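Mind the numbering: the sequence shown is residues 116 to 451 in this note's numbering, read in order. Cβ atoms here follow ideal geometry from the backbone N, Cα and C, with glycine treated the same way. This one's a predicted model, so the numbers in the text were calculated from it and none came from an experiment.
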Amino acid sequence: MKSIQTAKRLSNVIPEPLPLSLVVAARAQVASGIVEFELRPAGGGALPAFEPGSHLTVETPSGARRKYSIVNPPGDRGRYCIAVKREAGGRGGSRSMHDDLPSGATLMAAAPENAFALAAGARRHVFIAGGIGVTPILSMVRSLVAADAAGEATPPFKLYYLTRDAAVTAYREEIAALGERAVIHHDGGNPAEGLDLWPVLEKPVAGTHVYCCGPRPLMDAVRDMAGHWSSAAIHFESFGVGDLSLFEPDQAFEVLLSSSQVRIAVAPGQTILEALGTHGAQVRRSCEAGSCGSCRTTYLAGDVEHRDLVLAEDEKATQLMLCVSRARGGELVLDL
Ligand code: FES
C-alpha cells in the first residue's frame, strides 16, 4: 500500500503551523549540557493529555522542528517538561533552545504523540537508556513508581542507564534513589568500558518487554543482541539520526515520484519527508527518526544511504525510510 495519499495536490505550501502556544515557565540545568524546560500554556488552562513515553514536537527558535520527550508524570495537565541536550555538532535546533529560549519566551508546539508506549499486559519492563535517551524512559519509570506508590498492580522494572560520567547524567540522584531497580554505568567515554548487556538480553523471557533509547551505536548493539527476541517485545525510540559524523555529509538530490513523474528537490539538512511535505504530500509518519517503520517506502532506482534502525540488510535493496534515508547524490525514484 502506498504511504502517500496523492501526488495530484503537489504545490508549494507552507507546513501546517503548530497549534499550541507555550511559555517557558522555568529552565533548570539537570546535567552538564542538558537543560530542562517547564512549558505551560500561554493562555492558561489545561494542556492536551499525554502518556508515558510521549513526545512533543516544538518549533525551536532556529525555526527547525524537533521532538523532545515529556518527562513529567502524565497526570500533570498544566505543564510539559522536556529536557534538551545541547548538540554542538547537530543541526542547530538544540543550540537555539539553549541559547535563544529564556524563561518567559514562547514557542509553538503540536499536541503530544506517543510512538514509544509502555506495552499493555507486560509482566516486566527492562529499560536501556543511553545519555539523553533517558528522557522518554524517565517518564515511564516515574509513572510506574507513582502507580506502585498508589497501590496499583504494577509490573516490576529494571533500568540500565549508560552515560559517560556523573556530570552528564541527567536526573542522576532520582534514578540512583531507585536502588536495585536501576543500574547507572559510566564508560568514561571509552566504548570498551561499556556495560555488557548480553546477560540482560541473552534469554528472552515471556512477558518481558525491552525499551531502548539512546545513541545509534547503543541501539544498534541492542538490536543485534535482541535479534532472537520477538520483535513485539523490543521497543526503540530515536529522535534523530544522532551522531551525523557516522554518515556521509548531506548532499542535495532529487526524488522522482514514479506515478506522476513529479520531481522534487531535497536540500542538505532537509529530509525527503520534509521535501514532500512542502509540496502538500500527505505521508504516513510517526517517529520521523527512522525507528518506527511508518514511512517505509519502495524505491525503484538510486544510490541510497540508509540511516534508519528498522530495515534488514536484504530489505535495503528496495526499501527506504522517507524520514532519514538520503541519496548519495543524483536522483531517487520512489514508488509513489
Ligand atoms: S516516521 Fe518513523 S521511520 Fe520514518
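Buried/exposed call for residue i, threshold 16 Cβ in 10 Å
i	result
residue 440	buried
residue 381	buried
residue 181	buried
residue 374	exposed
residue 433	exposed
residue 307	exposed
residue 403	buried
residue 331	buried
residue 294	exposed
residue 442	buried
residue 415	exposed
Contact check, residue i vs residue j, beta carbons under 8 Å
i	j	result
residue 161	residue 193	yes
residue 283	residue 246	yes
residue 298	residue 276	yes
residue 258	residue 163	no
residue 301	residue 285	no
residue 227	residue 137	no
residue 344	residue 319	yes
residue 270	residue 296	no
residue 324	residue 341	no
residue 372	residue 451	yes
residue 366	residue 383	yes
Between the CA atoms of residue j and residue i - distance to the nearest angstrom
i	j	result
residue 351	residue 303	24 Å
residue 243	residue 310	11 Å
residue 151	residue 185	10 Å
residue 305	residue 335	17 Å
residue 291	residue 179	35 Å
residue 122	residue 236	Summary for residue 122: the model assigns pLDDT 40, below 50, so the residue's position carries little reliability; its value from the coordinates is reported in the next sentence. Whole-angstrom Cα-Cα distance: 41 Å.
residue 166	residue 261	13 Å
residue 155	residue 220	11 Å
residue 448	residue 376	9 Å
residue 229	residue 391	23 Å
residue 452	residue 195	With the chain covering 116 to 451 only, the question about residue 452 has no answer from this structure.
residue 147	residue 199	11 Å
residue 159	residue 176	22 Å
residue 135	residue 249	25 Å
residue 212	residue 268	39 Å
Residues near residue i in its chain [Cβ-Cβ closer than 7 Å; skip 5 each side]
i	result
residue 445	368, 417, 418
residue 252	242, 244, 274, 326, 328
residue 405	353, 356, 422, 423, 424, 425, 436, 438, 439
Same chain only: Cβ atoms within 6 Å of residue i, ignoring 5 sequence neighbours per side
i	result
residue 133	174, 223, 224, 225
residue 255	167, 168, 233
residue 421	431, 440
Cβ neighbours of residue i in the same chain (closer than 8 Å, five flanking residues each side left out)
i	result
residue 400	388, 409, 410, 437, 438
residue 321	238
C-beta neighbour in chain C for residue i, strict 8 Å
i	result
residue 138	In the displayed structure, chain C is absent; only one protein chain is listed.
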